[in-house]
Amino acid sequence: MKIDFNQMPDTSRLWIYAASQPLTTEQKAKIQEQGDAFTEKWTYHQMPLNAAFTIIDDIFLVFALDIVNGDISGCGIDKSLRLVKDWEESFQLNLFNRLQIEYKENDKVVLTTKAQLAEKLNQSTITPTTLFYNKLIQTKAELNTQFLIPFNQTWIYKQIALTGN
1388 MKIDFNQMPD
1398 TSRLWIYAAS
1408 QPLTTEQKAK
1418 IQEQGDAFTE
1428 KWTYHQMPLN
1438 AAFTIIDDIF
1448 LVFALDIVNG
1458 DISGCGIDKS
1468 LRLVKDWEES
1478 FQLNLFNRLQ
1488 IEYKENDKVV
1498 LTTKAQLAEK
1508 LNQSTITPTT
1518 LFYNKLIQTK
1528 AELNTQFLIP
1538 FNQTWIYKQI
1548 ALTGN
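Adding 1387 to a residue's 1-based position in the sequence shown gives its number in this note's numbering.
Now the structure itself:
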């Protein structure tokens, strides 16, 4: 059963997909419509799920699921994955690139890679306090408090610091 994303409980489980480019107005409208339709009918063993979908900063596609009794099965998650894969095809997007890193610069989302990040750090284009998107969060409460974190608190910062690149 579809619920307004802002009304989802803080304990809701999240799945976050980052687009390989900012979504156009048309893409956002179609994806939001399809995401809403999906969450309206999302089920687990024929039981309706309390779910929501939203798009954040024209890049992040976020499903929220209020898991009341235990967890959702793989087949329930697979249903959402099929929709995300359909979006990739329909809109020529890459939504599964785990090597893509996103940070905020002048109120815009910048998409980069680890190699580019090391160079930007060396050139002081980014600093330890530059805000990065943390796609490792798992709950709506974390979305509200830990989705944007300083670079020096990210997993990639620690990795770059350890390797020196």
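Idealized CB from N, CA, C, for every residue including glycine.
As the structure is a computational prediction, the values presented were derived from the model and not from experiment.
Query raised in the report: Mapping DSSP to helix, strand and coil, what is residue 1402?
Result: In this structure, DSSP gives residue 1402 an extended state, which the three-state scheme calls strand.
Query - Complete runs of the alpha helix (DSSP H) confined to the stretch 1468-1545 [at least 4 residues] - result: List check, alpha helix (DSSP H) in window: 1501-1509 and 1527-1533.
Report task. Would you grab the beta carbon distance between residue 1391 and residue 1528 for me? Rounded to a whole angstrom, and I think it's under 8 Å. Result -> Contact between residue 1391 and residue 1528 is absent: CB atoms are separated by about 17 Å, not below the 8 Å threshold.
Query raised in the report: How about the stretch 1511-1520 and the stretch 1475-1494: do they share at least three Cβ pairs that are nearer than 8 Å?
Result: Output reads yes: the stretch 1475-1494 touches the stretch 1511-1520.
Query - Simplified DSSP state of residue 1464, which is helix, strand or coil - result: Note: residue 1464 maps to helix in three-state DSSP.
**Report entry** Cβ shell of residue 1547 (< 8 Å), same chain only, five flanking positions each side left out
**Finding:** Excluding sequence positions up to five before and after residue 1547, its CB lies within less than 8 Å of the CB of 1501, 1504, 1505 and 1508, all in the same chain and listed in chain order.
Requested in this report: Using three-state DSSP, classify residue 1453 as helix, strand or coil.
Outcome: Looking at residue 1453 - three-state DSSP - the assignment turns out to be strand.
Requested in this report: Measure the beta-carbon distance from residue 1476 to residue 1482 and round it to whole angstroms, keeping in mind my assumption that it falls under 8 Å.
Outcome: Contact between residue 1476 and residue 1482 fails: their C-beta atoms lie close to 10 Å from each other, not under 8 Å.
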